[in-house]
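Student: In our numbering, the protein residues as written are -6 to 269. Below is a structure I'd like to ask you about.
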């Protein structure tokens, strides 16, 4: 009995393959469309895609073109070719603005852009583009069945931008470029006020400001103002950052380090009180 089922499966597979090959070589576009749709429904997207590609030009302007173009676009998406699927879904939306599949196509176009977003350590141009497309979809279809998923994808991409900005600022701290680190963390804190990385960002901003202050020379000569008490100003800035941190995160795991830095800062500032 098992042998019979095995033979039946092999026979069915060979027959299916033979029918597919015949459809590829057939001149009748309706035969190709029917076979392509059958393969698409069976989840054989690569084979369906090859058949669709052969007949897309022949169906332009015909009633079946809308259905074909949607299946063709989605076959790319299901195959994981997100660059092409995004392009094809955009074409579909432009060509069929009154289609009942317009909302689906618009979402899948935006989702294709999401899948093109690289890891956070790389350039984030594609990530920003994906956020724009997903947000545009949400604005156009606020009640869509895809709205919740689209919002989650935006949040995920936003966090990727946060991680990118945070990693750049922390890298400056790691290589002892403290002025750049302070500026980068200032920008991060301003741009991402609700970030889950805020505690670390405030701590490493303080750490960079502290190290910059402790290692500073006493004075800096400028054309406009003559001598500036560079070290004193930087110590005061670092103290301000420490106070901001302590107010924001009273039970932080960094609190002991913050208190140690603050004590060292206050000790250094005593020198200026004595001089004055």
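Built from N, CA and C at the ideal position, the CB exists for glycine as well.
Please tell me whether residue 247 and residue 196 are closer than 7 Å, where the distance is taken between their beta carbons.
Tutor: Stepping through the chain shown from its first residue, residue 247 is reached at position 254. Stepping through the chain shown from its first residue, residue 196 is reached at position 203. For residue 247 and residue 196, yes; Cβs fall inside 7 Å.
Student: Got a sec? Which residues, its chain only, sit under 7 Å from residue 238 by beta carbon, not counting five neighbours each side?
Tutor: Taking the chain shown and counting its residues from 1, the one referred to as residue 238 is at position 245. So the list reads 195, 196, 199, 251, once near-sequence residues are dropped.
Student: Could you give the DSSP three-state label for residue 97: helix, strand or coil?
Tutor: On the chain shown, position 104 is the one that residue 97 refers to. Note: residue 97 maps to helix in three-state DSSP.
Student: Buried or exposed, going by whether 16 or more other CB atoms sit within 10 Å of the CB of residue 76?
Tutor: Position 83 of the chain shown, counted from the start, is the residue given in the question as residue 76. Its Cβ having fewer than 16 others within 10 Å, residue 76 is exposed.
Student: Exposed or buried, residue 79, counting other C-beta atoms within 10 Å across all chains shown (16 or more means buried)?
Tutor: Along the chain shown, read from residue 1 onward, the residue named residue 79 stands at position 86. With 16 or more Cβ atoms within 10 Å of its Cβ, residue 79 is classed as buried.
Student: Could you check the C-alpha separation between residue 220 and residue 158 for me, to the nearest Å?
Tutor: As a position in the chain shown, residue 220 is number 227, starting the count at 1. As a position in the chain shown, residue 158 is number 165, starting the count at 1. Note on residue 220: pLDDT 46, under 50, position unreliable in the model; the coordinate value appears next. Spanning the two alpha carbons is a distance of roughly 34 Å.
Student: In terms of alpha-carbon separation, which member of 106, 151, 112, 190 lies closest to residue 130?
Tutor: Within the chain shown, numbered from 1, the residue matching residue 130 stands at position 137. Among 106, 151, 112, 190, the Cα nearest to that of residue 130 belongs to 106.
Student: In three-state terms, what does DSSP make of residue 188?
Tutor: In the chain shown, the residue the question calls residue 188 occupies position 195. Coil at residue 188, not helix or strand.
Student: For the alpha helix (DSSP H) containing residue 153, list its first residue and its last residue.
Tutor: One-based indexing of the chain shown puts residue 153 at position 160. Run containing residue 153: 140 to 167, per the alpha helix (DSSP H) assignment.
Student: On the criterion of 16 or more Cβ atoms from any shown chain inside 10 Å, does residue 215 qualify as buried, or is it exposed?
Tutor: Reading the chain shown from its first residue, position 222 is the one you call residue 215. Confidence is the limiting factor: at residue 215 the pLDDT is only 47, short of 50, which leaves the residue's position unreliable, though a coordinate-based value still follows. Residue 215 is exposed by the Cβ-count criterion.
Student: Can you tell which of 91, 97, 201 has its C-alpha closest to the C-alpha of residue 174?
Tutor: As a first step, residue 174 must be located in the chain shown, where it is residue number 181. Minimum Cα distance to residue 174 is reached at 201.
Student: So residue 57 and residue 26 are supposed to be a Cβ contact under 8 Å. How far apart are they, rounded?
Tutor: Position 64 of the chain shown, counting from 1, holds the residue named residue 57. Position 33 of the chain shown, counting from 1, holds the residue named residue 26. Confirmed, Cβ separation roughly 7 Å.
Student: Please return the same chain residues whose Cβ sits closer than 6 Å to the Cβ of residue 182, not counting the five positions on each side in sequence.
Tutor: For the purposes of this step, residue 182 is taken as the residue at position 189 of the chain shown. Here the set comprises 194.
Student: CB-CB under 6 Å to residue 242, same chain, minus the five flanking residues each way: which ones, in chain order?
Tutor: Your numbering for residue 242 matches position 249 in the chain shown. Hits under 6 Å: 192.
Student: Distance, Cα to Cα, residue 232 vs residue 205?
Tutor: Taking the first residue of the chain shown as position 1, residue 232 is located at position 239. Taking the first residue of the chain shown as position 1, residue 205 is located at position 212. Taking the straight line joining both Cα atoms gives about 12 Å.
Student: What's the C-alpha gap between residue 244 and residue 188?
Tutor: In the chain shown, residue 244 corresponds to position 251, counting from 1. In the chain shown, residue 188 corresponds to position 195, counting from 1. About 18 Å.
Student: Closest to residue 113 by C-alpha separation, out of 145, 153, 253, would be which residue?
Tutor: Taking the first residue of the chain shown as position 1, residue 113 is located at position 120. When each option's Cα is compared against that of residue 113, the closest is 153.
Student: When the Cα atoms are used, what is the spatial distance from residue 95 to residue 31?
Tutor: The residue you call residue 95 lines up with position 102 of the chain shown. The residue you call residue 31 lines up with position 38 of the chain shown. For residue 95 and residue 31, the distance between alpha carbons rounds to 23 Å.
Student: Figure out for me which residue from 123, 163, 169, 176 has the closest Cα to the Cα of residue 151.
Tutor: Locating residue 151 in the chain shown gives position 158, counting from the first residue. Ranking 123, 163, 169, 176 by Cα distance to residue 151 puts 123 first.
Student: Does DSSP put residue 20 in a helix, in a strand, or in coil?
Tutor: Position 27 of the chain shown, counted from the start, is the residue given in the question as residue 20. The answer is coil: DSSP assigns residue 20 none of H, G, I, E or B.
Student: Looking only at C-alpha atoms, which of 23, 46, 262, 128 sits nearest to residue 99?
Tutor: Sequence index remark: in the chain shown, residue 99 carries index 106 (1-based). That would be 128, whose Cα lies nearest to the Cα of residue 99.
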